[in-house]
Structure formats: C-alpha cells, structure tokens
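Undergrad: Residues in the sequence shown are numbered consecutively from 4, following the numbering used here.
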Amino acid sequence: FRELEVVFGDEKAKQLYMEKPYELFRSYGQSKLANLHFTTELARRLQAKGSKIPVNQIHPGEVLTEVMRDMHPVIVKLNEIFRPVAMGFMKTPTQGAFCTLHLATDPALATSDNITGAHFVRCSPAPLSRAGSDEEVADRLWTISERVTNEVSVV
Numbered sequence: 004f005r006e007l008e009v010v011f012g013d014e015k016a017k018q019l020y021m022e023k024p025y026e027l028f029r030s031y032g033q034s035k036l037a038n039l040h041f042t043t044e045l046a047r048r049l050q051a052k053g054s055k056i057p058v059n060q061i062h063p064g065e066v067l068t069e070v071m072r073d074m075h076p077v078i079v080k081l082n083e084i085f086r087p088v089a090m091g092f093m094k095t096p097t098q099g100a101f102c103t104l105h106l107a108t109d110p111a112l113a114t115s116d117n118i119t120g121a122h123f124v125r126c127s128p129a130p131l132s133r134a135g136s137d138e139e140v141a142d143r144l145w146t147i148s149e150r151v152t153n154e155v156s157v158v
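In structure tokens, the structure reads:
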C-alpha cells in the first residue's frame with residue numbers, strides 16, 4: 004500500500020504524495036490530527052463570516068470497537084487476549100456515542116453564541132494539544148485539501 008501523507012512543520016510539506024510503506028497506527032493518528040485541524044479551521048472560517056453555526060471537536064474517550072478486526076493476524080490475536088482486560092476500563096460503542104449525541108443535542112450548547120471551535124474530551128471542554136492547536140497548520144491543511152480535491156471553498 005501507499006499512503007497520501009501531508010507532512011507539516013518542515014521542508015517536506017511541499018511533497019504531498021510521498022512514496023512510503025503504509026503505517027497503520029501512524030496514519031490513524033495523523034487522520035485524527037487532521038480532523039482536529041480541519042474542524043478548528045472550519046470553526047474559524049465560519050466565525051469570520053459571522054455564522055452562528057457551532058463547530059466543535061469531540062473525543063469520546065477510549066472506546067472498545069471492532070477497529071482491529073481486519074488487522075494482521077498477530078494483532079488480532081493480541082486483541083483477543085487483552086480484550087477482557089480492556090473491557091474493564093474502555094467504553095462500549097453505545098457509551099462512546101453518548102458524548103457525541105449529548106453535545107449535538109444539549110440545549111445549552113445550541114443556544115450559546117460562544118461555544119464553537121471548542122474541543123471536548125469525555126463530554127467536558129478540554130484544551131487541544133500543542134500539535135492540534137497550530138492555526139497555521141490548520142490553514143495550510145485547508146488550503147492543501149482544497150487544492151488536492153480541486154474544490155473551491157464555500158466558507
């Protein structure tokens with residue numbers, strides 16, 4: 004497999020399509036970081052246009068899903084071995100969905116003019132990591148995404 008990788012923070016940012024072996028966990032982490040940047044930038048752009056549409060980020064916490072079911076057989080076996088232990092401290096998918104549903108339907112958030120561009124972890128406001136709060140990176144990702152998808156921004 005080959006992956007589309009966007010590297011920020013160094014000279015490699017100009018090399019959008021890099022030939023590298025696919026690294027599952029690294030790619031998963033990068034996709035989550037890209038989601039944070041995209042959401043931050045969308046909230047910023049909507050606010051700049053005077054929009055009242057809230058755009059927030061939600062991390063439900065650790066949720067025990069079937070995400071590992073199609074991985075390498077060794078990882079699948081390790082997952083089977085440690086799953087009973089994980090069940091003791093990880094959320095079920097239903098519990099994991101609660102935070103998203105709560106934040107999407109909470110009347111206090113729907114009527115607030117101030118809560119947009121926020122980051123929530125386990126249903127509570129939380130600061131973004133340093134890597135996730137870089138506005139320049141968020142803007143660059145937005146611009147690159149527009150170019151790669153050949154779309155014109157609507158916000």
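All residues carry an ideal CB built from backbone N, CA and C; glycine is no exception. Owing to the predicted nature of the structure, the values given are computational and were not obtained by experimental measurement.
Who pairs with Q60 in a beta bridge, going by DSSP?
TA: Numbered from 1 along the sequence shown, position 57 holds the residue referred to as residue 60. H122.
Undergrad: Near E69, what residues of its chain come up, given a Cβ to Cβ distance below 6 Å and the 5 sequence neighbours on each side ignored?
TA: Position 66 of the sequence shown, counted from the first residue, corresponds to residue 69. Cβ neighbours of E69 beyond the five flanking positions: none.
Undergrad: Whose C-beta lies closer than 6 Å to the C-beta of I56 among residues of the same chain, with five residues either side of it excluded?
TA: Here residue 56 refers to the residue found at position 53 when the sequence shown is read from its first residue. Within the same chain, I56 has close Cβ partners L49.
Undergrad: Among residues of its own chain, excluding the 5 on either side of D73, which ones have a beta-carbon nearer than 7 Å to its beta-carbon?
TA: If you number the sequence shown from 1, residue 73 lands on position 70. Nothing listed; no residue qualifies.
Undergrad: Within its chain, find whatever has a CB closer than 8 Å to the CB of H215; leave out the 5 residues flanking it on each side and keep chain order.
TA: A query on residue 215 cannot be resolved here, the shown segment of the chain reaching from 4 to 158 and no further.
Undergrad: Nearest-angstrom Cα distance between M90 and T108?
TA: As a first step, residue 90 is located in the sequence shown; it is residue number 87 there, counting from the start. As a first step, residue 108 is located in the sequence shown; it is residue number 105 there, counting from the start. Those two C-alpha atoms are separated by around 28 Å.
Undergrad: Exposed or buried, what is P63 when buried is set at 16 or more other beta-carbons lying within 10 Å of its beta-carbon?
TA: Mapped onto the sequence shown, residue 63 falls at position 60. Answer is buried; the Cβ neighbour count reaches 16.
Undergrad: If we count the other Cβ atoms within 10 Å of its Cβ and call it buried at 16 or more, is G32 buried or exposed?
TA: In the sequence shown, counting from the first residue as 1, residue 32 sits at position 29. Exposed: under 16 other Cβ atoms inside 10 Å.
Undergrad: Given a cut-off of 9 Å, decide if G135 and L27 are closer than it, judged by their beta-carbon atoms.
TA: Position 24 of the sequence shown holds residue 27. Position 132 of the sequence shown holds residue 135. Cβ atoms of L27 and G135: not closer than 9 Å.
Undergrad: Taking the alpha-carbon positions, what's the L76 to N82 distance?
TA: The residue you call residue 76 lines up with position 73 of the sequence shown. The residue you call residue 82 lines up with position 79 of the sequence shown. For the record, residue 76 in the displayed sequence is Pro; it is not Leu. Taking the straight line joining both Cα atoms gives about 10 Å.
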